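Trainee: If you use this note's numbering, the sequence shown corresponds to residues 2 to 586, in order.
By construction, the Cβ of each residue, glycine as well, lies at the ideal position given by its N, Cα and C atoms.
Keep in mind it's a predicted model, so treat the numbers as computed, not measured.
Once you've had a glance at the structure underneath, I'll fire off some questions.
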Amino acid sequence: MELSQNKNGLLEYIPGSHMLLIQKKSSPPLEGFTENVLGSIQEYAENSKSEVEKGNNFLQWVLTRVFEATEDDAADAIVDGANDLGIDAYLPVDFSDNTIRLFQSKYGTSHSLEAIAKFKEDVKRLFAKDVTKMRPELAQLVTKIKEKNLKIKCCYVTDQKVKYEDEFIEVIDGEKIVQKLWDRIKKPAAGKKSSIKLERMLRHENTILGILKLRELTEFVSKSREYVFESNIRQWMQFKTTVNKGLRETLQNDPGKFFYYNNGITIVVSDFIELENNLIELHAPQIVNGAQTSNSILDHAKRTKNMEGSMTVTIIKADDEQEQNNITKYRNSQNSVRGKDLVSLMDFHKSIKSQLKNSGYFYEIQAGSFDTKSKSKQCEYEGDVTYNNYLPDNHKKVIVAKDAIQCLVAGIEQRPTEAYSSPSQFLPRGSKYDYIFNDNLKDDYRILLYPYLVKEFAKKSLKYGKQGGHKTKRYATLFFVAVYFRVLYKKILESDEGFKIDIRKLEPIFRSFKLNSRILKLTNVIVTKFLEDTVVDDEIELANTKHNFFSQHVWNDSMLRVIDKKIRQEEEEILALKKLTSNLF
2 MELSQNKNGL
12 LEYIPGSHML
22 LIQKKSSPPL
32 EGFTENVLGS
42 IQEYAENSKS
52 EVEKGNNFLQ
62 WVLTRVFEAT
72 EDDAADAIVD
82 GANDLGIDAY
92 LPVDFSDNTI
102 RLFQSKYGTS
112 HSLEAIAKFK
122 EDVKRLFAKD
132 VTKMRPELAQ
142 LVTKIKEKNL
152 KIKCCYVTDQ
162 KVKYEDEFIE
172 VIDGEKIVQK
182 LWDRIKKPAA
192 GKKSSIKLER
202 MLRHENTILG
212 ILKLRELTEF
222 VSKSREYVFE
232 SNIRQWMQFK
242 TTVNKGLRET
252 LQNDPGKFFY
262 YNNGITIVVS
272 DFIELENNLI
282 ELHAPQIVNG
292 AQTSNSILDH
302 AKRTKNMEGS
312 MTVTIIKADD
322 EQEQNNITKY
332 RNSQNSVRGK
342 DLVSLMDFHK
352 SIKSQLKNSG
362 YFYEIQAGSF
372 DTKSKSKQCE
382 YEGDVTYNNY
392 LPDNHKKVIV
402 AKDAIQCLVA
412 GIEQRPTEAY
422 SSPSQFLPRG
432 SKYDYIFNDN
442 LKDDYRILLY
452 PYLVKEFAKK
462 SLKYGKQGGH
472 KTKRYATLFF
482 VAVYFRVLYK
492 KILESDEGFK
502 IDIRKLEPIF
512 RSFKLNSRIL
522 KLTNVIVTKF
532 LEDTVVDDEI
542 ELANTKHNFF
552 SQHVWNDSML
562 RVIDKKIRQE
572 EEEILALKKL
582 TSNLF
């Protein structure tokens with residue numbers, strides 16, 4: 002356990018977030034973009050009844066927009082309150098990284114330089130305190146940090162302008178928030194130029210085939226790493242496969258054979274210019290095949306000065322996005338990419354985004370992208386008259402992709418504990434995303450919209466989630482989604498297809514808001530009775546905390562028996578709903 006020094010900043014420690022690091026020569030945000038982001042912060046924070054709530058709203062905004070936590074994860078991450086010992090929040094909530102980020106946030110006039118210094122001292126004192134005298138959430142946090150020997154990264158966030166430098170505290174003020182979001186939406190490779198020197202080369206139409214020394218590749222990747230892997234399908238697969246293991250062993254033991262054993266890399270560019278002595282100037286270069294190779298070589302270069310060996314390189318000029326996607330897709334065959342490859346996956350989400358736009362909703366694949374739009378563009382998203390009934394009155398008609406995927410996993414896939422405890426594993430590059438986004442999943446917007454509407458209705462009308470005020474239901478939102486679909490599929494629809502029913506068949510139900518409200522309220526009755534059952538009480542006690550119960554225990558065999566028992570007890574209402582539902586078809 003140690004405090005990490007701030008070199009590249011907090012995002013260095015978030016898997017998959019290298020592209021989010023602020024580029025050293027990043028362009029300043031446009032005025033309208035800055036106003037829009039700051040206005041979004043103010044609107045979100047000021048929608049509150051107290052100064053404390055303003056601070057919490059601001060922190061939730063930062064966690065979801067800047068650090069891309071889901072709404073539920075952000076709510077669970079926040080521990081601010083009485084006896085918080087100076088810690089307002091932490092990420093990740095499932096302790097899945099080797100670094101834990103501790104947050105202190107100050108909104109408006111509550112910020113001061115003294116508050117930053119105090120935060121630093123509070124963190125240092127935190128681990129000397131007796132965990133038995135802490136709030137359960139903080140006790141679990143401190144215990145997990147000690148058990149896993151996690152590195153600690155301190156992050157102070159505020160909407161104010163701050164001039165403060167500290168090697169142990171990353172200060173993210175209003176300007177840095179805007180800059181991070183601006184850099185995220187900018188194409189990292191757009192406008193970039195780099196050069197690469199080849200030993201030998203052959204020109205064919207818009208393609209160059211060449212022989213490249215490994216030390217030359219190392220230099221090229223080192224200079225352009227923050228943008229050159231943007232289009233690579235498996236840039237975050239790391240070194241987990243047999244192929245990568247053999248690749249490293251060849252570099253270490255017999256680099257001269259590397260040329261024969263490796264397929265080389267493919268670089269796609271918007272343009273290239275041949276200079277003297279086989280020097281090639283590359284415009285907007287992207288390594289679309291060979292990120293693992295490149296990173297293995299770069300990693301090896303850090304350990305040795307002996308960088309002998311060569312490899313093949315293919316440089317293809319393709320300014321058309323579709324052509325670049327095709328090259329990326331078909332050139333990636335060295336390792337099988339889990340499930341749909343990333344290109345197909347993004348095509349899926351682009352399709353969903355287009356469909357949801359037609360229904361009046363903005364599908365936010367990239368966190369903060371809605372805030373980049375002008376106010377007039379944002380107002381174009383008015384939602385659907387019927388579906389809006391499920392949403393809070395102040396809903397902006399923005400559906401965050403990560404939240405929707407989390408709901409899909411909980412409801413349609415019937416995996417609420419996994420959706421709650423570690424949603425990242427079902428996201429792109431996650432270990433289980435192929436179980437969801439494979440060729441069997443049709444790109445129908447309703448597969449994501451309907452579970453999301455169930456969750457939002459539960460929070461809006463049934464007091465689930467953090468804002469609901471219920472000591473147990475605040476953790477039970479995704480569990481509610483799972484129970485709803487269990488009731489709907491197994492009892493009301495009695496589907497022979499199980500939970501893989503054609504999602505289009507649910508449209509009449511979701512379009513009949515009055516009827517569906519009865520199903521949702523029935524689900525609430527079942528969940529409420531479940532939570533009041535003594536067997537469940539014993540399981541919660543065994544889990545130690547409610548968070549642990551809903552992340553690990555709530556969907557085990559013994560709990561499912563209790564759930565199904567509570568469902569059977571509502572047979573009369575289920576029969577009535579079944580009859581009404583059958584009339585819709």
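#1: Return the chain-ordered ranges of every beta strand (DSSP E) run that is complete within the region 353-403 and spans a minimum of 3 residues.
#2: Would Pro424 and Phe480 be called neighbours here (beta carbons separated by less than 8 Å)?
#3: State the Cα-Cα distance for the pair Leu591 and Ser271, rounded to the nearest angstrom.
#4: Taking its Cβ as the centre, do 16 or more other Cβ atoms sit within 10 Å of Phe104, making it buried, or is it exposed?
#5: What are the boundary residues of the alpha helix (DSSP H) that Asp272 is part of?
#6: Considering only DSSP beta bridges, list what Gly247 is partnered with.
#7: The ligand ADP heavy atoms versus the CB of Phe221: any closer than 7 Å?
#8: Pick helix, strand or coil for Ile316, following the three-state DSSP scheme.
#9: Beta carbon of Leu248, beta carbon of Asn263: below 8 Å?
#10: Contact between the region 385-404 and the region 539-553 is defined here as three or more beta-carbon pairs at a separation below 8 Å; is this criterion met?
#11: Would you mind working out which of Phe371, Lys378, Leu454 sits nearest Pro393, comparing C-alpha positions?
#12: Return yes when the Cβ of Lys154 is within less than 8 Å of the Cβ of Thr100, no when it is not.
#13: By how many angstroms is the C-alpha of Asp558 removed from the C-alpha of Phe273?
#14: Below 6 Å CB to CB, which residues in the same chain sit around His554 once its five sequence neighbours on both sides are set aside?
#15: Near His112, what residues of its chain come up, given a Cβ to Cβ distance below 6 Å and the 5 sequence neighbours on each side ignored?
#16: Taking the alpha helix (DSSP H) that Lys579 belongs to, which residues open and close that run?
#17: Using the Cα positions of Gln570 and Val80, report the straight-line distance between them to the nearest angstrom.
#18: Can you have a look at Val143 and say buried or exposed, based on whether 16 or more other CB atoms are within 10 angstroms of its CB?
#19: State the beta-bridge partners of Val537 as determined by DSSP.
#20: How about Val67: is its C-beta nearer than 8 Å to some C-beta of chain B?
#21: Assuming the contact rule is C-beta atoms closer than 8 Å, Ile493 and Ile575 should be a hit. Round their C-beta distance to whole Å, please.
#22: Counting Cβ pairs, one atom from each stretch, are 3 or more of them under 8 Å apart for the region 283-290 and the region 168-178?
#23: Hey, would you say Arg512 sits closer than 8 Å to Asp445, going by beta carbons?
#24: Evaluate contact between the region 129-137 and the region 196-205, counting only Cβ atoms and requiring at least three cross-stretch pairs below 8 Å.
#25: From Gln371 to Leu64, what does the alpha carbon distance come to, in whole angstroms?
#26: Near Ala75, what residues of its chain come up, given a Cβ to Cβ distance below 7 Å and the 5 sequence neighbours on each side ignored?
#27: Quick one, are the C-beta atoms of Asp77 and Val53 less than 8 Å apart?
#28: Whole angstroms is fine: what's the gap from Trp183's alpha carbon to Ile366's?
#29: When you compare only the Cα positions, how much space is there between Ser375 and Asn37?
#30: So for Tyr436, helix, strand or coil by DSSP?
#31: On the three-state DSSP scale, how would you describe Ala90?
#32: In three-state terms, what does DSSP make of Tyr601?
#33: Cβ atoms of Leu218 and Ile317: under 8 Å apart, would you say?
#34: Output the distance between the C-alpha atoms of Pro137 and Phe551, rounded to the nearest integer angstrom.
#35: Give me the residue from Leu39, Glu309, His301 with the minimum Cα distance to Glu176.
#36: Check whether the Cβ atoms of Leu210 and Thr315 sit closer than 8 Å, and answer yes or no.
Mentor: Concretely, from the data shown:
#1: The region 353-403 contains these whole beta strand (DSSP E) runs: 363-365, 399-401.
#2: Not a contact, by the Cβ cut-off of 8 Å.
#3: This structure leaves residue 591 out entirely; the chain is present only between 2 and 586.
#4: buried
#5: Looking at the DSSP string, Asp272 is not in any alpha helix (DSSP H); the run it does join, the beta strand (DSSP E), is 272-275.
#6: None; Gly247 has no bridge partner.
#7: As presented, the structure is devoid of all ligands, the ligand ADP included, so that no description of it is given.
#8: strand
#9: yes
#10: no
#11: Leu454
#12: yes
#13: 60 Å
#14: Glu540, Ala544
#15: Thr159, Gln161
#16: 572-585
#17: 37 Å
#18: buried
#19: According to DSSP, Val537 bridges with nothing at all.
#20: As a matter of chain content, chain B is missing from the structure shown, which is built from one protein chain.
#21: 6 Å
#22: Per the Cβ contact rule, the region 283-290 is not in contact with the region 168-178 (fewer than 3 Cβ pairs under 8 Å).
#23: no
#24: no
#25: The residue you asked about is not Gln; residue 371 is Phe in the sequence shown. Rounded to the nearest angstrom, the two C-alpha atoms are 16 Å apart.
#26: Gln61, Leu64, Thr65
#27: no
#28: Rounded to the nearest whole angstrom, the CA to CA distance from Trp183 to Ile366 is 15 Å.
#29: Distance between the alpha carbons of Ser375 and Asn37: 7 Å.
#30: helix
#31: strand
#32: Not covered by the structure: residue 601. The range shown for the chain is 2 to 586.
#33: no
#34: 15 Å
#35: Leu39
#36: Going by C-beta atoms, Leu210 is nearer than 8 Å to Thr315.
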